[in-house]
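Step one of this worksheet: look at the structure below.
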Amino acid sequence: MRVMARALSVLLILMVPIGATAQQRPADPPTINIPPLDDAAIAAWSEKLDRYATVHTRTIRAWANILRYTAALGLREWRPAGQREAPPLLELDAEAFAAAATLARELAGAPPAMLEVDRAAVPFAEAIGRQPAAFNDAAAYYGRGGSYAADNFARGP
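Given below as structure tokens:
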């Protein structure tokens, strides 16, 4: 019984900071201001959001590479049961990513103004524009016949 009481007291001591941290909320949570919209404005917003979604769908393949790269670093719990080798990285189509980045930049300046979304589109465009070069370089380095084994990961894991 005494061991159980000690275990419960240790557990309580450990859980109090976790509970206090979990209950903290930001003073000013982020908000998006949407102006009153008539039918024509709703259609314009919908069209622009659909085009922004196109940017996302054209570049989603990079997320698969992020998961594959993480698996290559040895995080085996992300791999299917019984899989020993990390899956190869995927080649990214540089032209498709460049077109998506261009579209994101164009949408950021196009009406109707969506301040929060438009403001995030330009940095997003810059990030997705750099992904093919980085991932394709990593795919060549870590792929079959890659030089990582010979140079003992000189370029990093």
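Position 53 (the sequence shown) corresponds to 65 in our numbering; numbering is contiguous.
The C-beta atom is built at its ideal place from N, Cα and C for all residues, glycine as well.
As the structure is a prediction and not an experimental result, all values here were calculated from the model.
Cβ-Cβ distance between residue i and residue j below 8 Å
{"i": "residue 102", "j": "residue 154", "result": "no"}
{"i": "residue 119", "j": "residue 63", "result": "yes"}
{"i": "residue 44", "j": "residue 128", "result": "yes"}
{"i": "residue 137", "j": "residue 122", "result": "no"}
{"i": "residue 144", "j": "residue 106", "result": "yes"}
{"i": "residue 221", "j": "residue 140", "result": "This structure cannot settle anything about residue 221, because the visible part of the chain is limited to 13 through 169."}
Rounded C-alpha distance that separates residue i from residue j
{"i": "residue 60", "j": "residue 114", "result": "14 Å"}
{"i": "residue 162", "j": "residue 151", "result": "16 Å"}
{"i": "residue 148", "j": "residue 51", "result": "44 Å"}
{"i": "residue 57", "j": "residue 124", "result": "7 Å"}
{"i": "residue 73", "j": "residue 41", "result": "31 Å"}
{"i": "residue 46", "j": "residue 39", "result": "21 Å"}
{"i": "residue 65", "j": "residue 131", "result": "16 Å"}
{"i": "residue 67", "j": "residue 104", "result": "14 Å"}
{"i": "residue 77", "j": "residue 135", "result": "20 Å"}
{"i": "residue 142", "j": "residue 75", "result": "14 Å"}
{"i": "residue 126", "j": "residue 146", "result": "30 Å"}
{"i": "residue 108", "j": "residue 133", "result": "17 Å"}
Opening and closing residue of the alpha helix (DSSP H) in which residue i lies
{"i": "residue 12", "result": "The question about residue 12 has no answer, for the chain in this structure spans 13 to 169."}
{"i": "residue 8", "result": "Outside the displayed range of the chain (13 to 169) lies residue 8, so it cannot be described from this structure."}
{"i": "residue 107", "result": "106-121"}
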